[in-house]
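**Student:** To get our numbering, take the position in the sequence shown, counting from 1, and add 70. The C-beta atom is built at its ideal place from N, Cα and C for all residues, glycine as well. Only a predicted model underlies this, so the values are computations on that prediction, with no experimental measurement involved. Pasting in a structure now, in structure tokens, and then I'll have a few things to ask.
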Amino acid sequence: MNSDKTGMHGVWASRWTFVLAATGSAVGLGNIWKFPYITGENGGGAFVLVYLACILCAGIPVMMAEVMLGRKGRMSPINTMRNITQSENAPVFFRSIGWMGALAGFFILSFYSVIAGWTLSYIVKMATGVFDGANADVAGEQFGGLLGDPVQLTVLHTIFTVLVGVVLVRGVHKGLENSLRMLMPLLFIMLVLLLGYALTTPGFGEALSFLFSVDFSKLSGESVVVALGHSFFTLSLGMGAIMAYGSYMPKQASLGKTVLTVGILDTLVALVAGIVIFSVVFSNGLEPGAGPGLMFQTLPIAFAGLPLGDLIGTVFFVLVAIAAWSSAISIAEPAIAWAVEKGHSRLVATTAVCGFSWLLGLGTVVSFNVASDFTLFGKTFFDSLDFLTSNIMLPLGGILIAVFVGWFVRKETIAHEARVQSPVLFNLWIFMLKFVSPLAVGYIFIKGLGIF
């Protein structure tokens, strides 16, 4: 197999286009919605430190390996793993990486589109002035009313799924590339402006203390599992998205610099979002461990106190929706790319993937209201899918990728694709893939299953 081939899906225009695309995949609800609330639930600063360690020791090395596999294969993750496994004479078992990643992405897309639908609702709420002069009670009532209405949630879930499908039908390479060059910088600018606002709030100092003061007594074994799972979730690892985007990456681009840039941008967005949200939380006497609704109960209060708050809030939720949109597109692409390679049109492939994902997502819709009492192993349908993907499938996929690249792919193959200039850094990366990443992820993965 010629590792320098372009592939049927094309190539990004430049390394920075890939950075924006991969960052668009990584930066989404995981950073702005999920990271702040799981930080609040797991004690703040100590959790952030563990999360950063997971990003550095497990996330970045595995992300480099996943992008490298994609760039070598130049096909969907399913066919990439089939071809590379064959060319490297590796055990057939490793072909499961592609299939498991596509399945994990399918599960995530089903509930991700429901949560993303919340942002669509809040665009309308902010634009119509619902939160003018709002306090914590009003914000809580608005969010509770949204979750308690299965019809409204289904409509929003449907709209978001259709938006994802429209882009995918046109082709991710053509439809997404141009928009990301404008939309992702705008999202960063909005976050910086909100950070400036957070500096003026009385809760800013307390937010910094909460996020960056380390007290390991507040950590639990479950906290470490959550940190690892989120490091994979936020970087879109183990679900095939980064491998698919890696297949579009120019062959001359530096793998290490590119992946590190994506990791830094992704982490900065999560930390800035946390500072902004917790500044508002502590300024208004709210609970930092409020759960999944944290962003939707706190940011509207912040916007209510800003000049032109309705306008700024509307634009912010539009951009959050766009970030979620770009992430959802990347999640769905591996399965669609595989179907296209099987000879189906993008219309048929997109309709099938998005249609079945929408159907499964109805389980998440009702888990917030009419079926909230129905549990699987003590968890709601939504919590069960979230745990299955973030705590089991993504880490397991990461272990298999690390073991495959570290132990079964020839070193000269890795060197040719990775193009890491420093021999020291290259050998350190291989060492991390062989020993540190799989052992660390494996230990925490087993802990997450409650085996010991």
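1) Which whole-angstrom value is the C-beta distance of ILE392 and VAL237, which I expect to be below 8 Å?
2) Tell me, please, which residues DSSP counts as bridged to LYS449.
3) Where ARG251 and THR231 are concerned, what is the direct C-alpha to C-alpha distance, given to the nearest angstrom?
4) Answer yes or no: do VAL350 and ALA372 have a C-beta to C-beta separation smaller than 8 Å?
5) Just the Cα atoms here: how many angstroms apart are MET71 and MET145?
6) Of the residues VAL296, TYR513, GLY299 and PRO220, which one's Cα is nearest the Cα of ALA441?
7) Using 10 angstroms around the beta-carbon of GLU482, count the other beta-carbons present and answer buried if the total reaches 16, otherwise exposed.
8) Enumerate, from N- to C-terminal direction, the unbroken alpha helix (DSSP H) stretches of 4 or more residues contained entirely within the region 455-482.
9) Given a threshold of 16 other Cβ atoms within 10 Å of its Cβ, counted over all protein chains shown, does PHE505 qualify as buried or as exposed?
10) Roughly how many angstroms separate the alpha carbons of ASP453 and PHE181, rounded to a whole number?
11) Could you check what DSSP says for PHE181 in three-state terms: helix, strand or coil?
12) Can you tell me where the alpha helix (DSSP H) with HIS300 in it begins and where it stops?
13) Among ARG480, SER437, THR93 and ASP207, which one has its Cα closest to the Cα of GLN367?
14) Could you tell me if ASN159 is buried or exposed, where buried requires 16 or more neighbouring beta carbons within 10 angstroms of its beta carbon?
15) Near GLU136, what residues of its chain come up, given a Cβ to Cβ distance below 7 Å and the 5 sequence neighbours on each side ignored?
16) With DSSP as the reference, label THR270 as helix, strand or coil.
17) Express the C-alpha separation of ILE484 and LEU356 in angstroms, rounding to a whole number.
18) Let me know the secondary structure DSSP gives VAL239 once reduced to three states.
19) Out of curiosity, what's the CA-to-CA distance linking VAL436 and LEU364?
20) Under 8 Å, with one C-beta from each stretch per pair, do the region 323-332 and the region 254-265 reach the 3-pair mark?
21) In its own chain, which residues sit with a C-beta less than 8 Å from the C-beta of ASN149, not counting the 5 before and 5 after it?
22) Which parts of the region 321-403 are runs of the alpha helix (DSSP H), unbroken and 4 residues or longer, counting only runs that do not cross its ends?
23) Take the Cβ of ASP74 as the centre, count every other Cβ of all protein chains shown within 10 Å, and call the residue buried at 16 or more, exposed below.
24) Specify the secondary structure class of ASN149 as computed by DSSP and reduced to three states.
25) Rounded to a whole number of angstroms, what is the C-alpha to C-alpha distance between GLN162 and ARG152?
26) Alpha carbon to alpha carbon, how far is ILE125 from VAL89?
27) Just the Cα atoms here: how many angstroms apart are LEU233 and MET138?
28) At which residues does the alpha helix (DSSP H) containing THR420 begin and terminate?
29) Can you check which of these residues, VAL346, VAL388, THR228 and ILE229, is closest to GLY273 by C-alpha distance?
**Tutor:** Put simply:
1) Residue numbering aside, residue 392 sits at position 322 when the sequence shown is read from its first letter. Residue numbering aside, residue 237 sits at position 167 when the sequence shown is read from its first letter. Going by Cβ atoms, the distance from ILE392 to VAL237 rounds to 11 Å, so no, they are not a contact pair.
2) Taking the sequence shown and counting its residues from 1, one reaches residue 449 at position 379. BP columns for LYS449 point to LEU446.
3) The count along the sequence shown starts at 1 and reaches residue 251 at position 181. The count along the sequence shown starts at 1 and reaches residue 231 at position 161. Approximately 23 Å, taken between the alpha carbons.
4) Counting from 1 along the sequence shown, the entry for residue 350 is found at position 280. Counting from 1 along the sequence shown, the entry for residue 372 is found at position 302. Cβ atoms of VAL350 and ALA372: closer than 8 Å.
5) Indexing the sequence shown from 1 puts residue 71 at position 1. Indexing the sequence shown from 1 puts residue 145 at position 75. The pLDDT assigned to MET71 is 42, lower than 50, so where the model puts this residue is not dependable; a value taken from the coordinates is nonetheless given after this. If I take the Cα positions, the gap works out to 12 Å.
6) In the sequence shown, residue 441 corresponds to position 371, counting from 1. Per the Cα distances, PRO220.
7) As a position in the sequence shown, residue 482 is number 412, starting the count at 1. With fewer than 16 other Cβ atoms within 10 Å, it is exposed.
8) 464-473
9) Within the sequence shown, numbered from 1, the residue matching residue 505 stands at position 435. So PHE505 ends up on the exposed side.
10) For the purposes of this step, residue 453 is taken as residue 383 along the sequence shown, with counting starting at 1. For the purposes of this step, residue 181 is taken as residue 111 along the sequence shown, with counting starting at 1. About 10 Å.
11) Here the question's residue 181 lines up with position 111 in the sequence shown. Note: PHE181 maps to helix in three-state DSSP.
12) Against the sequence shown, residue 300 aligns to sequence position 230. Following the DSSP letters along the chain, one finds HIS300 inside the alpha helix (DSSP H) bounded by residues 291-304.
13) Your numbering for residue 367 matches position 297 in the sequence shown. When only C-alpha atoms are compared, the closest one is ASP207.
14) In the sequence shown, residue 159 corresponds to position 89, counting from 1. Around the Cβ of ASN159, a 10 Å sphere holds fewer than 16 other Cβ atoms; the residue is exposed.
15) If you number the sequence shown from 1, residue 136 lands on position 66. For GLU136, where only same-chain residues beyond five positions count, the Cβ hits under 7 Å are LEU307, ILE312, MET313, GLY316 and ILE471.
16) Taking the first residue of the sequence shown as position 1, residue 270 is located at position 200. Reduced to three states, the DSSP call for THR270 is coil.
17) Walking along the sequence shown from the start, residue 356 turns up at place 286. Walking along the sequence shown from the start, residue 484 turns up at place 414. About 50 Å.
18) Here the question's residue 239 lines up with position 169 in the sequence shown. Looking at VAL239 - three-state DSSP - the assignment turns out to be helix.
19) Counting from one through the sequence shown, the residue named residue 436 turns up at place 366. Counting from one through the sequence shown, the residue named residue 364 turns up at place 294. Looking at the two C-alpha atoms, the distance is approximately 20 Å.
20) They do not touch, by the three-pair rule.
21) On the sequence shown, position 79 is the one that residue 149 refers to. Only GLY143, GLY168, TRP408 and GLU411 meet the Cβ criterion.
22) Considered as a whole, the region 321-403 harbours 325-353 and 364-374 as its complete alpha helix (DSSP H) runs of no fewer than 4 residues, in chain order.
23) Mapped onto the sequence shown, residue 74 falls at position 4. Because ASP74 sits at a pLDDT of 48, beneath the cut-off of 50, its placement in the model cannot be relied upon, and the following sentence gives the value as read from the coordinates. It is exposed - the Cβ of ASP74 has fewer than 16 other Cβ atoms within 10 Å.
24) If you number the sequence shown from 1, residue 149 lands on position 79. In the structure shown, ASN149 sits in a helix (DSSP, three-state: H, G or I).
25) In the sequence shown, counting from the first residue as 1, residue 162 sits at position 92. In the sequence shown, counting from the first residue as 1, residue 152 sits at position 82. First, the amino acid is wrong: residue 162 is Val here, not Gln. About 8 Å.
26) As a position in the sequence shown, residue 125 is number 55, starting the count at 1. As a position in the sequence shown, residue 89 is number 19, starting the count at 1. Near 17 Å, if we compare the C-alpha coordinates of VAL89 and ILE125.
27) Position 163 of the sequence shown, counted from the first residue, corresponds to residue 233. Position 68 of the sequence shown, counted from the first residue, corresponds to residue 138. Cα to Cα, LEU233 sits roughly 30 Å from MET138.
28) Along the sequence shown, one-based indexing puts residue 420 at 350. Where THR420 is concerned, the enclosing alpha helix (DSSP H) starts and stops at 416-437.
29) Translated into positions along the sequence shown, residue 273 becomes position 203. Considering only alpha carbons, the answer is VAL346.
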